[in-house]
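Numbering (my numbering), first residue to last: 28 to 455. Even glycine gets a Cβ: it sits at the ideal position worked out from N, Cα and C. Worksheet: one structure, shown below.
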Amino acid sequence: MAYQETHTTSYGSRLSNSFKKIGTGLAMFVGATVLLFWNEGRAVKTAETIKEAQGTAVHVDNVSEVKADLNGQLIHATAMAESHDTLRDEMFGAAVPAIKLIRNVEYYQWQEYSKEEKREKFGGSEETVTTYTYKKKWTDTPINSAEFHDPAYQNSNFVITELENKKQLAEDVTFGAYNLPDFLKNSIGGEKDITLSMDSVQKATLNHDIIESLRASGRVDVRQLADSTGKEIPYLAVSGNTAYIGKSSGNPQIGDVRVIFKAVPSAQISLIAKVSGDTFEPYMSANGNNFSRVEMGSVSMGNMFQGAHNNNSTLTWILRLVGILMAIGGLKMTFEILSMLFKWFPALGSIVNMGVGLVCSVIGFVWSLLIISIAWLFYRPIIGISLIVVATAAIWLLWKKSKQKAKSAAANDSANNSDNSAAATAAS
28 MAYQETHTTS YGSRLSNSFK KIGTGLAMFV GATVLLFWNE GRAVKTAETI
78 KEAQGTAVHV DNVSEVKADL NGQLIHATAM AESHDTLRDE MFGAAVPAIK
128 LIRNVEYYQW QEYSKEEKRE KFGGSEETVT TYTYKKKWTD TPINSAEFHD
178 PAYQNSNFVI TELENKKQLA EDVTFGAYNL PDFLKNSIGG EKDITLSMDS
228 VQKATLNHDI IESLRASGRV DVRQLADSTG KEIPYLAVSG NTAYIGKSSG
278 NPQIGDVRVI FKAVPSAQIS LIAKVSGDTF EPYMSANGNN FSRVEMGSVS
328 MGNMFQGAHN NNSTLTWILR LVGILMAIGG LKMTFEILSM LFKWFPALGS
378 IVNMGVGLVC SVIGFVWSLL IISIAWLFYR PIIGISLIVV ATAAIWLLWK
428 KSKQKAKSAA ANDSANNSDN SAAATAAS
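Have a look at this one:
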C-alpha cells in the first residue's frame, strides 16, 4: 500500500524561495552561456584535430614487426589485440586469459519511489502530496533504508556481505609486434560472459565466511544458518558467470548478493595512434588536442575518421541542447518571482506563469542562438555572421509583432471610446 505525506508551503515561504532562486537562475543562465560558447570552440578544435590527423595518418598493412621508419608516425592498422596474461579473481575462482576481467556486484534491495502532486490554494499557499511506493530490485550499491519515508519500510534493507566492483587490466597485450598501452586497452570492448570454476574447498571456505558474517550481523535467525546436525546451510551457488550469495537464486530475498563476471577476450581491432618505439601514444595536433581511436574488427581508415567526425557532431548537438535548456531554465528560475506575485489568485497566477514561461523560452532560445553565432564569429566567421542575421531578424519580428498588437489594442480602445461617446450623445 502506498504511503502519502502532505506538506503545505505558505505564500510567504514560496515568495522567499522565489527570491532565492534569482541567484541560482542567473548562475545557471551564465553557465549556459559559457557552455554554449565553449562547446562551439571545442567542436571546431576537435574537427580540426581529426582533419589534421586524417591528412597525416598512413595505413600499415602488417604490424608483425617493429619498423624504425614508422616511429613517430600516426598509423592506421588492423590486427589481433592479444592478451598473454591470465586474469584471476581468487575469491570466486575466475581465471581467464583476457584483456580485461570485470566483476560487477549487485544487491537485492527495497527501492523507494516518489511521485508529487502540487495543488495551488487560494491565498498563494501550495499543497504538495507526495506518494511513496516501494519495490524490490537489484541495485549496484546498498540502499540506506533508514532514510525511507514510510516507517513500515525503514531499516528494512541489509546485505549479506558487501563486495567491491573490480576491473583488472592485463599488462601484456600485444598488437602484432607492438605493445598496447593502457589507454588503448581501455578502449577495447566486446565483453563476454565467462564460466566460474570453484572447487569444493573454495566453496566451503567462502560459504563459511558468509555464514559467520550473517551470524555476526544478527539479521538472520541462527536456525537458518545450519541444519539439525550442525552442518552449515549453503548460502553460495555458482552458475555460469554468476556467483549467488543467498539461500535461493530462484527466490531472491532482501540482502542477497550476486556477483557477475565478464571478460574482454583477445580480438581483432583497428586502431589509429602514433607509434612510439614498440608501443603507441596519442597523436597531438597543432592546436594541442590529442587524438587516437580504437574500433572492433576490421574498419577502414576512412570509416574510422568518419566515425570520429560523427561522434564530434553528436556531442556538439547534445551540449547545444543542454545549453539551450539551461538558458531557458535559468531565465524561468530568475523570473519566477513575477508569476509568484500573482499566485494569491491561483487562476491568475497560472496565466501569468504560462506567459512568463513562454517569454523566457523564446528569449532563452534566441539568446542561445546569438551566443552560438558570436562563438562562430571566432571559429567559423561566415556561418557565424549568417546566424547573427537570423537571430537579429527573429528579435526584430518579435518586436514588430508586439508593437502591432499594442497598436491594435490602442485602436480598439479608441473605437470603443468613440462608440460609448456616440451612445451617450444619442441618449441625451
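Same chain, Cβ closer than 8 Å to Gly336, five either side skipped, listed in chain order: Looking at the sequence itself, residue 336 is His, so the reference to Gly does not match. Within the same chain, His336 has close Cβ partners Ala74 and Ile77.
Just the C-alpha distance for Ala290 and Lys193, rounded to the nearest angstrom, thanks. 12 Å
Asn182 to Phe149 span [Cα, whole Å]: Our two residues, Asn182 and Phe149, have alpha carbons roughly 39 Å apart in a direct line.
In the DSSP assignment, what are the bridge partners of Lys194? Ile129
Look at Gln295 and Ala108 and say whether their C-beta atoms are less than 9 Å apart. yes
Does the stretch 207-216 come into contact with the stretch 313-329, if we say contact requires no fewer than three beta-carbon pairs (one atom in each stretch) closer than 8 Å? yes
Roughly how many angstroms separate the alpha carbons of Arg69 and Ser110, rounded to a whole number? 35 Å
Can you have a look at Gly315 and say buried or exposed, based on whether 16 or more other CB atoms are within 10 angstroms of its CB? Counting every other CB atom within 10 Å of its CB across the protein chains shown gives Gly315 a total below 16, marking it as exposed.
Taking the alpha-carbon positions, what's the Lys127 to Trp65 distance? 35 Å
Limits of the unbroken alpha helix (DSSP H) element including Gln229: Ser227 to Ser244
Ser141 in three-state terms, based on DSSP: strand
Euclidean distance between Cα positions of Tyr180 and Tyr262: 25 Å
What are the start and end residues of the beta strand (DSSP E) that includes His336? Per DSSP, His336 belongs to no beta strand (DSSP E); it is in the alpha helix (DSSP H), Met328 to Thr361.
If I follow the unbroken alpha helix (DSSP H) through Phe56, where does it start and stop? Tyr38 to Thr83
Does Ser244 get closer than 9 Å to chain B when you measure Cβ to Cβ? Within the model displayed, chain B is absent; a lone protein chain is all it includes.
Cα-Cα separation between Arg146 and Ser388, rounded to whole angstroms: 24 Å
Top-ranked residue by Cα proximity to Ser325, from Thr419, Gln81, Glu363 and Leu298: Nearest C-alpha to Ser325: Leu298.
Element boundaries [alpha helix (DSSP H), containing Pro124]: Where Pro124 is concerned, there is no enclosing alpha helix (DSSP H), although the beta strand (DSSP E) it sits in stretches over Ala121 to Pro124.
Going by C-alpha distance, which of Arg347, Tyr38 and Glu139 is nearest Asp177? Glu139
Smallest Cα separation from Ala243: which of Phe372, Val186 and Phe332? Val186
Roughly how many angstroms lie between the CA atoms of Leu8 and Met225, to the nearest whole one? This structure gives no information on residue 8, because the portion of the chain shown stretches from 28 to 455.
Contacting residues, own chain, Cβ-Cβ under 7 Å from Glu144 (five flanking each side not counted): Val156
Are at least three pairs of beta-carbons, each pair with one atom in the stretch 372-379 and one in the stretch 392-406, less than 8 Å apart? no
Nonlocal neighbours in the same chain, by C-beta distance under 6 Å from Val379, ignoring five residues either side: Setting aside the 5 residues that flank it on each side, Val379 is surrounded in the same chain by Ser366 and Phe369, each with a C-beta closer than 6 Å to its C-beta; the list follows chain order.
Are the CB atoms of Phe56 and Met381 within a distance shorter than 9 Å? no
N- and C-terminal bounds of the alpha helix (DSSP H) containing Leu375: Pro373 to Tyr406
Measuring CA to CA, which of Ile281, Gln280 and Thr361 is closest to Asp52? As written in the sequence, residue 52 is Gly, which differs from the Asp given in the question. The shortest C-alpha separation from Gly52 is found at Thr361.
Need the endpoints of the alpha helix (DSSP H) that Lys258 sits in, please. Taken as a continuous stretch (DSSP letters only), Lys258 belongs to no alpha helix (DSSP H), as it is neither H nor E.
Cβ distance (whole Å) where Val349 is taken to contact Ile102 below 8 Å: About 36 Å; that fails the 8 Å criterion.
Short check: CB of Glu363 to CB of Ser45, under 9 Å? Yes, the pair counts as a contact, with Cβ atoms nearer than the cut-off.
Cβ neighbours of Asn268 in the same chain (closer than 7 Å, five flanking residues each side left out): Asp220, Ile221, Thr222, Leu223, Ile287, Phe288 and Lys289
N-terminal and C-terminal residue of the alpha helix (DSSP H) that Asp116 is part of: It is not in any alpha helix (DSSP H) - Asp116 instead sits in the beta strand (DSSP E) that spans Thr113 to Asp116.
Contacts around Gln81, its chain only, beta-carbon distance under 7 Å, and the 5 residues preceding and following it disregarded: Phe332
How many angstroms separate the CA atom of Ile260 from the CA atom of Leu190? Approximately 21 Å between the Cα atoms of the pair.
Reduced DSSP secondary structure (H/G/I, E/B, other) of Asp220: Looking at Asp220 - three-state DSSP - the assignment turns out to be strand.
Leaving out five residues on either side along the sequence, give the residues of the same chain with a beta carbon under 6 Å from the beta carbon of Thr343. Ala70
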